[in-house]
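Q: Take the sequence shown: its position 230, counting from 1, is numbered 229 in numbering that gives the first Met the number 0, and each next residue is one higher.
Heads up, the beta-carbon is just placed ideally off N, CA and C, and yes, glycines get one too.
Take a look at this one; I'll ask things after.
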Amino acid sequence: MQEVRQGYTLDQARARLLAVLNPLPGRNVCPLRQARGRVLAAPLVAPRAVPGFRASSMDGYALRAVDGRPGQSLPVVGCSAAGAPYGRPLQPGRAVRIFTGAVVPDGADAVAPQEDVQLAQGEPSNSMITLETSIHPGQWVRSPQEEAAPGEQLASAGQRLGSVDVVRAMGCGLCTAQVYSRPRVTLLITGSELRPAGDPLPPGTICDSNGPLLLSLLEQLGLTVVDHQWVDDDPQRLETALLRLAGRSDVLISTGGVSVGDGDHVRPLLERLGTLQFWRLFLKPGRPFATGTMAGTRFFGLPGNPVSAAVTFLQLVWPALQALEGAAPEPWPRLRVRLADPLRRRPGRPELVRAHLTTDYRGNPLATPCGDQSSARLASLQGADLLLEIDASTTELPAGTAVTAQLLRLPVL
Ligand code: AMP
Ligand code: MG
Numbered sequence: 000m001q002e003v004r005q006g007y008t009l010d011q012a013r014a015r016l017l018a019v020l021n022p023l024p025g026r027n028v029c030p031l032r033q034a035r036g037r038v039l040a041a042p043l044v045a046p047r048a049v050p051g052f053r054a055s056s057m058d059g060y061a062l063r064a065v066d067g068r069p070g071q072s073l074p075v076v077g078c079s080a081a082g083a084p085y086g087r088p089l090q091p092g093r094a095v096r097i098f099t100g101a102v103v104p105d106g107a108d109a110v111a112p113q114e115d116v117q118l119a120q121g122e123p124s125n126s127m128i129t130l131e132t133s134i135h136p137g138q139w140v141r142s143p144q145e146e147a148a149p150g151e152q153l154a155s156a157g158q159r160l161g162s163v164d165v166v167r168a169m170g171c172g173l174c175t176a177q178v179y180s181r182p183r184v185t186l187l188i189t190g191s192e193l194r195p196a197g198d199p200l201p202p203g204t205i206c207d208s209n210g211p212l213l214l215s216l217l218e219q220l221g222l223t224v225v226d227h228q229w230v231d232d233d234p235q236r237l238e239t240a241l242l243r244l245a246g247r248s249d250v251l252i253s254t255g256g257v258s259v260g261d262g263d264h265v266r267p268l269l270e271r272l273g274t275l276q277f278w279r280l281f282l283k284p285g286r287p288f289a290t291g292t293m294a295g296t297r298f299f300g301l302p303g304n305p306v307s308a309a310v311t312f313l314q315l316v317w318p319a320l321q322a323l324e325g326a327a328p329e330p331w332p333r334l335r336v337r338l339a340d341p342l343r344r345r346p347g348r349p350e351l352v353r354a355h356l357t358t359d360y361r362g363n364p365l366a367t368p369c370g371d372q373s374s375a376r377l378a379s380l381q382g383a384d385l386l387l388e389i390d391a392s393t394t395e396l397p398a399g400t401a402v403t404a405q406l407l408r409l410p411v412l
């Protein structure tokens, strides 16, 4: 009965959410140059072998390994440069001047780096060389399929493309990718006390943090907010705003007004205008959280406190957005870290404690919690690298205790 009384744990909530979400139907053909961050709807497949020829990986001399004994002299009969092959088979007992990336001529099976060769006389492309080391078959020769074999899968459907995925596919000659469409997102920031930064602040008002927070997180994750709006805690204006924004997007995210206060109208409105899938989390920060559907749009009602809004976004909304975009939602990577300082807390709910990642003198990871963990205090999230997963019953952990932490870093490549 914990679910009903206390709310869902994060794992329960995530499982329920992902069980009902499917990729949006749209597909686009996207130029690969613009495809970083997009999710593939069809695999990327190498159209041919890459590089497609045996290429030298050194500047030096192409030759036959059997001719390559230390002290052996060979005449240099020509040159193979990148983009300008020698173009004829290499005769036994001869060498060809060669550069990195150039075709290794037929007949040659090795490259002697120029550092290992004495040049007897004249120009490097038309002279004699004397080898200083023995030569092994295949040395400094790249296979024609080193990067990719014909038909090799370079990236799979459902994969979110990183920079290197894109670059490797383009290096194999591809220029477009079939990708899923991205969810269109709208934002509704609720709260009569909120003003945009820069506006006058009458007594009791505060600056809106959640609007800028979600706009920036969504932008960082490659998603566009097609419309956003602020509304006060008036049920009628809230209803109008919810319906308007739901009609314009695949996902509507609101913040604030989802708890049990007199001014909290979001959950009852969701129940009346659409369907509430579930409400409330057994989590700190982020207890008030509601999700469901409204006018065919997936709805997320996030808490008003900015840290709770950020944490529930990262834990639940981001996986849901990935599922809608056709990607398998991946949990944040986890690692075991030791506490640099003791941790004291009030027991009751599982907690995600914001912490900085450092290392001890041996290079082992250490976590330093970011001070007061109030869910209203954005400073507890500023520069945080980790969310420490702390059990509901924990009250105190001494310095040095090993805990599991989620690593809040997006991949660069
Ligand atoms: P609520 O969930 O609406 O009860 O809000 C909880 C707390 O978060 C209150 O102290 C609100 O003033 C604050 N809050 C709500 N929305 C925002 C926002 N957009 N930016 C900053 N603080 C907010
Ligand atoms: Mg409020």
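#1: If you measure from each CB to the nearest heavy atom of the ligand MG and keep those under 5 Å, what residues do you get, in chain order?
#2: Nearest CA to the CA of Met127: which residue from Arg93, Ala294, Leu396 and Pro149?
#3: Within 10 angstroms of its Cβ, does Ile188 collect 16 or more other Cβ (buried), or is it exposed?
#4: Any idea if Pro30 is buried or exposed, counting beta-carbon neighbours within 10 angstroms, 16 or more meaning buried?
#5: Please say whether Cys369 and Arg353 have beta carbons closer to each other than 8 Å?
#6: Considering only residues of the same chain and omitting the five flanking positions on each side of Lys283, which have a CB-CB separation below 6 Å?
#7: I'd like the span of the alpha helix (DSSP H) that includes Gly210, first residue to last.
#8: With burial defined as no fewer than 16 other Cβ atoms inside 10 Å of the residue's Cβ, what is the status of His264: buried or exposed?
#9: From this set, Val310, Gly262 and Pro330, which residue's C-alpha is nearest Ala383's C-alpha?
#10: When DSSP labels each residue in this structure, what does Pro287 get in the three-state scheme?
#11: Enumerate in chain order the residues of its own chain whose CB-to-CB distance from Pro341 is below 6 Å, with the five nearest sequence positions on each side excluded.
#12: Taking only the alpha-carbon atoms, compute the straight-line gap between Gln1 and Ile252 and give it to the nearest angstrom.
#13: Reducing DSSP to helix, strand and coil, say where Met0 ends up.
#14: Where Gly137 and Ala45 are concerned, what is the direct C-alpha to C-alpha distance, given to the nearest angstrom?
#15: Counting pairs of Cβ atoms below 8 Å between the stretch 142-150 and the stretch 76-96, do you hit three or more?
#16: Taking Trp229 as the reference, give the member of Asp207, Tyr7 and Thr358 with the closest Cα.
#17: Check whether the stretch 21-29 and the stretch 98-105 are in contact - that is, three or more C-beta pairs closer than 8 Å.
#18: Going by beta carbon distance, what residues of the same chain come within less than 8 Å of Arg247, once the five residues before and after it are set aside?
#19: Span of the beta strand (DSSP E) holding Trp139?
#20: List the whole-angstrom C-beta distance separating Gly67 from Ala111, where the pair is believed to meet the contact cut-off of C-beta under 8 Å.
#21: State yes or no: is the C-beta of Ile205 nearer than 7 Å to some heavy atom of the ligand AMP?
#22: In three-state terms, what does DSSP make of Trp229?
#23: Could you check where the beta strand (DSSP E) with Trp331 kicks off and where it finishes?
#24: Would you tell me roughly how many angstroms separate the C-alpha atoms of Leu338 and Pro364, rounded to the nearest one?
#25: According to DSSP, is Pro397 part of a helix, a strand, or is it coil?
#26: Closer than 6 Å by C-beta to Pro234: which residues in its own chain qualify, once you throw out the five before and the five after it? Chain order, please.
#27: Would Leu153 pass as a contact of Arg167 if the rule is Cβ separation under 8 Å?
#28: Thinking just about the alpha-carbon of each residue, which of His135, Val411, Leu43 and Asn21 is nearest to the one in Ala414?
#29: Pull up the distance between the alpha-carbon of Thr403 and that of Leu385, whole angstroms please.
#30: Just to confirm the assignment, what range does the beta strand (DSSP E) spanning Glu350 have?
#31: For the alpha helix (DSSP H) that contains Leu241, what are its first and last residues?
#32: Roughly how many angstroms lie between the CA atoms of Gly59 and Val163, to the nearest whole one?
#33: If distances are taken between C-alpha atoms only, which option among Thr357, Arg376, Val49 and Leu244 comes closest to Cys171?
#34: Quick check: what's the CA-CA separation for Arg63 versus Leu320?
#35: What residue range is occupied by the uninterrupted beta strand (DSSP E) comprising Pro410?
#36: So, with DSSP's three-state summary, where would you put Gln321?
A: In brief:
#1: Gly190, Gly255, Gly256 and Gly303
#2: Here the question's residue 127 lines up with position 128 in the sequence shown. Answer by Cα proximity: Arg93.
#3: If you number the sequence shown from 1, residue 188 lands on position 189. With 16 or more other Cβ atoms within 10 Å, it is buried.
#4: Position 31 of the sequence shown, counted from the first residue, corresponds to residue 30. Per the 10 Å Cβ criterion, exposed.
#5: The sequence position of residue 353 within the sequence shown is 354, counting from 1. The sequence position of residue 369 within the sequence shown is 370, counting from 1. Closer than 8 Å, so yes.
#6: Taking the first residue of the sequence shown as position 1, residue 283 is located at position 284. Arg348 and Glu350, listed in sequence order.
#7: Indexing the sequence shown from 1 puts residue 210 at position 211. Unbroken alpha helix (DSSP H) run through Gly210: Asn209 to Gln219.
#8: Translated into the one-based positions of the sequence shown, residue 264 becomes position 265. Result: buried.
#9: Here residue 383 corresponds to residue number 384 of the sequence shown, with the count starting at 1. Per the Cα distances, Val310.
#10: The sequence position of residue 287 within the sequence shown is 288, counting from 1. Here Pro287 sits in coil by DSSP.
#11: The residue given as residue 341 occupies position 342 in the sequence shown. The answer, listed in chain order, is Pro397 and Ala398.
#12: Here residue 1 refers to the residue found at position 2 when the sequence shown is read from its first residue. Here residue 252 refers to the residue found at position 253 when the sequence shown is read from its first residue. With a pLDDT of 46 at Gln1, under the threshold of 50, the modelled position of this residue cannot be trusted; read the value that follows with caution. In a straight line, the C-alpha of Gln1 is about 26 Å away from that of Ile252.
#13: As a working mapping, residue 0 is identified with position 1 in the sequence shown. Bear in mind that a pLDDT of 39 at Met0, under 50, signals an unreliable position, so the number given afterwards is only what the model happens to contain. If DSSP states are grouped into helix, strand and coil, Met0 belongs with coil.
#14: If you number the sequence shown from 1, residue 137 lands on position 138. If you number the sequence shown from 1, residue 45 lands on position 46. Distance between the alpha carbons of Gly137 and Ala45 is about 24 Å.
#15: no
#16: Locating residue 229 in the sequence shown gives position 230, counting from the first residue. The candidate whose alpha carbon is nearest that of Trp229 is Asp207.
#17: no
#18: On the sequence shown, residue 247 is found 248 positions in, with the first residue counted as 1. Correct list, in chain order: Arg183, Thr185, Val225 and Asp226.
#19: Your numbering for residue 139 matches position 140 in the sequence shown. Careful: Trp139 lies outside any beta strand (DSSP E) and carries neither H nor E.
#20: Position 68 of the sequence shown holds residue 67. Position 112 of the sequence shown holds residue 111. Taking 8 Å as the upper bound for CB-CB distance, Gly67 and Ala111 are in contact here, some 6 Å apart.
#21: As a first step, residue 205 must be located in the sequence shown, where it is residue number 206. Checking every heavy atom of the ligand AMP against the Cβ of Ile205, one is found closer than 7 Å.
#22: Taking the first residue of the sequence shown as 1, we reach residue 229 at position 230. Trp229 falls in the strand class under three-state DSSP.
#23: Mapped onto the sequence shown, residue 331 falls at position 332. Unbroken run through Trp331: none, as it is neither H nor E.
#24: Along the sequence shown, read from residue 1 onward, the residue named residue 338 stands at position 339. Along the sequence shown, read from residue 1 onward, the residue named residue 364 stands at position 365. Taking the straight line joining both Cα atoms gives about 9 Å.
#25: Residue 397 sits at position 398 when you count from the first residue of the sequence shown. In the structure shown, Pro397 sits in coil (DSSP, three-state: anything other than H, G, I, E or B).
#26: Reading the sequence shown from its first residue, position 235 is the one you call residue 234. Cβ within range, chain order: His264.
#27: Here residue 153 refers to the residue found at position 154 when the sequence shown is read from its first residue. Here residue 167 refers to the residue found at position 168 when the sequence shown is read from its first residue. Taking 8 Å as the cut-off, the Cβ atoms of Leu153 and Arg167 count as close.
#28: The structure shown has nothing for residue 414, since the chain only spans 0 to 412.
#29: Counted from its first residue, the sequence shown places residue 403 at position 404. Counted from its first residue, the sequence shown places residue 385 at position 386. Their Cα atoms are separated by approximately 10 Å.
#30: Position 351 of the sequence shown, counted from the start, is the residue given in the question as residue 350. It spans Glu350 to Thr358 - the beta strand (DSSP E) in which Glu350 sits, taken as one unbroken run.
#31: By 1-based counting over the sequence shown, the position of residue 241 is 242. Leu241 -> alpha helix (DSSP H) spans Pro234 to Ala245.
#32: The residue given as residue 59 occupies position 60 in the sequence shown. The residue given as residue 163 occupies position 164 in the sequence shown. Their Cα atoms are separated by approximately 30 Å.
#33: Here the question's residue 171 lines up with position 172 in the sequence shown. Among Thr357, Arg376, Val49 and Leu244, the Cα nearest to that of Cys171 belongs to Val49.
#34: What you label residue 63 is simply residue 64 of the sequence shown in a count that begins at 1. What you label residue 320 is simply residue 321 of the sequence shown in a count that begins at 1. Going from the Cα of Arg63 to the Cα of Leu320 covers about 57 Å.
#35: Against the sequence shown, residue 410 aligns to sequence position 411. Counting along the chain, Pro410 falls outside any beta strand (DSSP E), and DSSP gives it neither H nor E.
#36: Translated into positions along the sequence shown, residue 321 becomes position 322. Three-state result, Gln321: helix.
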